[in-house]
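Below is one structure, written out as structure tokens; the observations come after it.
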Amino acid sequence: MTANRVPGPSPLFFAASGEQELERFFRSALERNPGMPILFLCIGTDRSTGDSLGPLVGTMLEERGVSGVIGTLREPCDADRLGREASALPADAVVIAIDACLGRPENVGRFLLAEGSLQPARSVGGALPPVGDYSVAAVVGEFGPKPYITLQTTSLYAVMEMAKRIADAAAAALAAVRPQAFGAREAVPADAAFEFENDGSLK
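Residues in the sequence shown are numbered from 42 upward in steps of one, following my numbering.
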């Protein structure tokens with residue numbers, strides 16, 4: 042649910058474990074909103090391993106040519122930026138919010154999918170507003186008494202693998218339902234091969 046709409050009741054989450062479930066979720070969101078702009082709001086920071094999932098997903102989506110992405114490693118949509126971005130979301134856009142979270146031990150490595158918003162920073166006691174018409178909360182670690190330390194010490198490999206599954210599933214759903222969501226990518230001329238030059242700077 043975007044910031045331009047009235048918050049509703051808390052959504053019921055479905056815990057998914059694989060890329061096929063993720064792709065079905067994304068396809069359902071696209072098919073139920075034909076003709077409406079789709080925005081991927083990838084929340085998080087590049088300064089915390091566990092909380093880097095959102096920016097990693099945003100970067101991977103951009104690398105796959107997906108347009109309508111907010112939040113990348115280069116320009117993270119962190120707590121400082123999220124409020125500005127949320128207030129500027131187009132009222133007619135369908136927003137898919139993607140963020141990391143902490144959860145029960147049995148859900149670590151899984152994805153909590155919902156038609157409805159997610160509340161960023163809830164695991165660490167934050168008070169950010171709920172965002173997203175649809176949401177993907179990736180459970181990167183177990184919730185405990187020291188959530189910040191858990192996020193800081195989360196395996197980067199595990200987070201990158203989860204981010205890749207989300208990006209692959211979203212790109213596959215877009216390719217099947219809405220291929221026009223892929224922005225045009227500038228072609229590299231065939232004769233623009235990289236050439237080494239010895240400039241004498243290395244001794």
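Built from N, CA and C at the ideal position, the CB exists for glycine as well.
What are the boundary residues of the beta strand (DSSP E) that includes residue i?
i, result
"residue 140", "135-144"
"residue 9", "The requested residue 9 does not occur in the structure, where the chain is confined to residues 42 to 244."
Residue range of the alpha helix (DSSP H) that residue i falls in?
i, result
"residue 72", "60-72"
"residue 96", "94-104"
"residue 121", "120-128"
For residue i versus residue j, is the C-beta distance shorter than 7 Å?
i, j, result
"residue 63", "residue 136", "no"
"residue 97", "residue 204", "yes"
"residue 66", "residue 159", "no"
"residue 84", "residue 161", "yes"
"residue 177", "residue 72", "no"
"residue 56", "residue 175", "no"
Buried or exposed: residue i, going by 16 or more other Cβ atoms within 10 Å of its Cβ?
i, result
"residue 111", "buried"
"residue 133", "exposed"
"residue 93", "buried"
Is residue i helix, strand or coil by DSSP?
i, result
"residue 222", "helix"
"residue 56", "strand"
"residue 200", "helix"
My parser needs the beta strand (DSSP E) runs of 3 or more residues fully inside the stretch 154-193; what are they?
Runs of the beta strand (DSSP E) inside the stretch 154-193: 175-183.
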